Amino acid sequence: MLKPQGIKGEIKAEVITSFPEHFKQLKILFVKNVEYVQLMVESVRFRNDLVYLKFAGIDNRDDAEKLRNNYLYIPENELLPLKDDEFYYHQLIGLKVFSERDVYIGRLKEIENYSANDVFIVESDTGEIILLPAIKKIIKNVDLKARKMTIEVIEGLLN
């Protein structure tokens, strides 16, 4: 969520889903500070690439400000089905990343959303941060059951 909108508790959020229209059907979302907190959706509207949300009990700018810089989460039972080669971000976080030669590279810690493509942020055991473009040329396989991602290491990728 980006920031409050107006003085009545509405909040402006960036949409990082392929199904933004799904927001209009949701009655409950979650926000995570330390623990997940349930928010009851009162209203949803869209403008450009942003969604404006109003939650029950968030009735002023100060309350909305407390939600700034947090991600919204959809209840698991409300997630829309995906194609076989598509994944939700939360399914990928924590995956072990290996080369096609089965050399351990690190663990997927975060996903950044950019206009061209997403970028997977992988942290090695030594704390080195590796940025992987989330494209089919690089990401060769994702095995959620094994919690493993296999990538093609092209020249310059790990330097």
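The sequence shown: position 108 = 108 (the numbering used here), numbered continuously. We treat Cβ as the ideally placed atom computed from N, Cα and C, and that holds for glycine. Being a predicted model, the structure only gives us computed values, none of them experimental.
- Of all C-beta pairs linking the segment 97-114 to the segment 51-66, fewer than three are shorter than 8 Å, placing the two stretches out of contact.
- Residue 145 and residue 96 have their C-alpha atoms roughly 12 Å apart.
- The alpha-carbon separation between residue 98 and residue 50 amounts to approximately 35 Å.
- Nearest Cα to residue 47 within the set 12, 136, 100 and 159: 12.
- Under the rule that a run must span 4 or more residues, no alpha helix (DSSP H) segment is found entirely inside the segment 8-56.
- Between residue 44 and residue 24, the beta carbon gap of about 5 Å places them in contact (Cβ cut-off 8 Å).
- A buried status is given to residue 122, since no fewer than 16 other beta-carbon atoms sit within 10 Å of its beta-carbon.
- Between the alpha carbons of residue 16 and residue 30 lies a distance of about 15 Å.
- Here residue 32 is near residue 70, since their CB atoms are less than 9 Å apart.
- Within the same chain, 9 and 64 come within 6 Å of residue 58 by CB-CB distance, once the 5 residues on both sides are set aside.
- With a 10 Å radius around the Cβ and a threshold of 16 neighbouring Cβ atoms, residue 120 comes out buried.
- For residue 60, the secondary structure class from DSSP, reduced to helix, strand or coil, is coil.
- Shown here, residue 104 sits in a strand according to DSSP, grouped into three states.
- Looking at the DSSP output, residue 120 shares a beta bridge with 111 and 132.
- In terms of CA proximity to residue 104, 130 leads the group 79, 130 and 73.
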